[in-house]
Amino acid sequence: MKIIVSAGVGALGLIALGVSSGGVGSAERVGSAGGVEPATDEVLAAALVQDTPVVQRAQEPRPQQRRRWRYRNRYPGPIPTPEEWQPPDGPVRIGLQVGHWRAHEAPRELRRLRGNGGNWNGTAEWEVNLEIVRRTGAMLEELGYVVDILPAVVPPGYRAHLFLAIHADASNDRNARGYRVAAPSRDATGRASGFVDLLRRTYGSATGLRRLPDTTRRMRNYYAFNFRRYEHALHPMTIAAIIETGFLTNAADRELIIGQPDRVARGIVDAITEFPITPPPGRFE
Ligand SMILES: [Zn+2]
26 MKIIVSAGVG
36 ALGLIALGVS
46 SGGVGSAERV
56 GSAGGVEPAT
66 DEVLAAALVQ
76 DTPVVQRAQE
86 PRPQQRRRWR
96 YRNRYPGPIP
106 TPEEWQPPDG
116 PVRIGLQVGH
126 WRAHEAPREL
136 RRLRGNGGNW
146 NGTAEWEVNL
156 EIVRRTGAML
166 EELGYVVDIL
176 PAVVPPGYRA
186 HLFLAIHADA
196 SNDRNARGYR
206 VAAPSRDATG
216 RASGFVDLLR
226 RTYGSATGLR
236 RLPDTTRRMR
246 NYYAFNFRRY
256 EHALHPMTIA
266 AIIETGFLTN
276 AADRELIIGQ
286 PDRVARGIVD
296 AITEFPITPP
306 PGRFE
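In our numbering, the protein residues as written are 26 to 310.
Here it is in structure tokens:
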């Protein structure tokens, strides 16, 4: 599994940490040590600097600068239509995003991500998400897929055959429980809802959890889907979905998403293998 950490755009490009078989272990090290490696810190600091406007005229009033930054279209190219959709070259690539992981590294455009994420009794949501992603990734690799593990910030224009953001819900109401799956509200590929329908079914049968019929606006308008607004967003041709695997704040859900992560992973893997666009690579070779 490849762990991809985006450090801004331009010359900095991407940094890959903990590549290949040792990836899982090193991901843990990076994620749970509370800090990051010095080199990464430096690059990220540079990325943040780079993210601020390069040209600044002293005479210009500040509010105007801010407005221009905020409303600039981050994807000025033509948005492809579903008919123009083409899978990326190469083997079937699945991007699994660990919700909130390394969110403290978010660049300025996503600075609001830095402090959020659910929590239960000292367990951060990202830790639960990471465990699920590790197991899902391992199962997919066994089937021959290429798997990218992505933190909260995705590389600019990230391309894969399929991207899935993995989260867990939290609520003040301890009885709130269940999972939900959503597609982007604007889906240029026209294929996300097909995957979402599959995942709703396979996740329910693998876990026995209850599906919540509603999805939230925050899910449908998830920042990583919003290539117009953010540089660090998916390429419009990456089929994408988001799952809230269950409630960290509910005992029964927790028993499953923390206690039986393999069932959670199975529910996700089953949808990916059934999805016609992402069949197991071994199947037709
Ligand atoms: Zn979350």
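Ideal placement from N, C-alpha and C gives every residue a C-beta, glycine not left out.
1) Could you please give the first and the last residue of the uninterrupted alpha helix (DSSP H) stretch that includes residue 175?
2) Quick one: what's residue 120 bridged to in DSSP?
3) The alpha helix (DSSP H) that contains residue 158, what's its start and end?
4) Is any heavy atom of ligand 1 found at a distance shorter than 7 Å from the C-beta of residue 152?
5) Do the segment 178-190 and the segment 112-124 meet, that is, are 3 or more Cβ pairs less than 8 Å apart?
6) Can you check DSSP and say which residues form a bridge with residue 269?
7) Tell me whether residue 47 sits in a helix, a strand or coil according to DSSP, three-state version.
8) Under 8 Å, with one C-beta from each stretch per pair, do the segment 224-236 and the segment 276-294 reach the 3-pair mark?
9) Where residue 247 and residue 182 are concerned, what is the direct C-alpha to C-alpha distance, given to the nearest angstrom?
10) State the Cα-Cα distance for the pair residue 255 and residue 281, rounded to the nearest angstrom.
11) Under the rule that 16 or more other beta-carbon atoms within 10 Å means buried, what is residue 162, buried or exposed?
12) How many angstroms separate the CA atom of residue 174 from the CA atom of residue 140?
13) Can the beta-carbon of residue 213 be found less than 8 Å from the beta-carbon of residue 107?
14) Looking only at its own chain, which residues have a Cβ that is under 8 Å from the Cβ of residue 261, when we skip the five neighbours before and after it?
15) Residue 298 lies in the alpha helix (DSSP H); which residues open and close that run?
16) Quick check: is any heavy atom of ligand 1 less than 7 Å from the C-beta of residue 193?
17) Could you name the residues of the same chain whose beta carbon sits closer than 7 Å to that of residue 199, not counting the 5 residues immediately before and after it, in chain order?
18) Consider the Cβ of residue 304: report whether some Cβ of chain C lies at a distance smaller than 8 Å.
Looking at the coordinates:
1) No alpha helix (DSSP H) contains residue 175, which is instead part of the beta strand (DSSP E) from 171-175.
2) Beta bridge pairing from DSSP links residue 120 with 173, 188.
3) Unbroken alpha helix (DSSP H) run through residue 158: 150-167.
4) Distance from the C-beta of residue 152 to the nearest heavy atom of ligand 1 is not below 7 Å.
5) In short, these stretches touch, since the Cβ pair count reaches three.
6) 192, 205.
7) The pLDDT assigned to residue 47 is 35, lower than 50, so where the model puts this residue is not dependable, and the model offers no usable value.
8) As far as the Cβ criterion goes, the segment 224-236 touches the segment 276-294, which means the pair count is three or higher.
9) Distance between the alpha carbons of residue 247 and residue 182 is about 15 Å.
10) Roughly 34 Å separates the two Cα atoms.
11) Buried, by the Cβ-count rule.
12) Using only the alpha carbons, I get a separation of about 21 Å.
13) Contact check for residue 213 against residue 107 passes: the beta carbons are separated by less than 8 Å.
14) The answer, listed in chain order, is 100, 104, 105, 213, 214, 252.
15) First-last of the alpha helix (DSSP H) with residue 298: 286-299.
16) Relative to the non-hydrogen atoms of ligand 1, the Cβ of residue 193 comes within a distance shorter than 7 Å of at least one.
17) Excluding sequence neighbours, residue 199 sits near 274, 275.
18) Included in the structure is just one protein chain, with no chain C present.
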